[in-house]
């Protein structure tokens, strides 16, 4: 019975985090699309291109997050096999930094990698979109 209770609590925590992660990027989508729609006549072509690219990147990251959810579901239901591969953690962390840079700029946050030391781990590649 404790195993079932722990599983339900774990699922509940995961969905709470997931809901937050799914909701947060929509502020970017709404702000960028509002800037584009309301200011289209006032923006230069280069500004429109920049905003469009930021929106595109944010949407791709949101799509990846939804794909991760489906992958997690597959792992939980034993439909995805565990095939660990060595991962260079620094490179993956830098990809995450790049993916959240638009949101970070909006909130005036800056990310800095402290170490380029080669760290390796064995993740589930399908779960992290690798």
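Numbering (our numbering), first residue to last: 11 to 140. In this text, a Cβ means the ideal position worked out from N, Cα and C, and glycines have one as well.
CA-CA distance, residue i and residue j?
i	j	result
residue 140	residue 85	Confidence at residue 140 is low in this model, with a pLDDT of 46, below 50, so the placement of that residue should be treated as unreliable; the coordinate-derived value is given next. Approximately 15 Å, taken between the alpha carbons.
residue 53	residue 67	20 Å
residue 56	residue 65	14 Å
residue 70	residue 17	30 Å
residue 48	residue 41	10 Å
residue 25	residue 50	37 Å
residue 30	residue 103	20 Å
residue 39	residue 77	18 Å
residue 12	residue 21	14 Å
residue 63	residue 83	30 Å
Can you round the beta-carbon distance between residue i and residue j to whole angstroms, since I take them to be within the 8 Å contact cut?
i	j	result
residue 28	residue 79	6 Å
According to DSSP, is residue i part of a helix, a strand, or is it coil?
i	result
residue 38	helix
residue 72	helix
residue 89	coil
residue 50	coil
Cβ of residue i within 7 Å of Cβ of residue j?
i	j	result
residue 61	residue 46	yes
residue 72	residue 35	yes
Are any of the Cβ atoms in chain B nearer than 7 Å to that of residue i?
i	result
residue 67	Any reference to chain B falls outside this structure, which holds one protein chain only.
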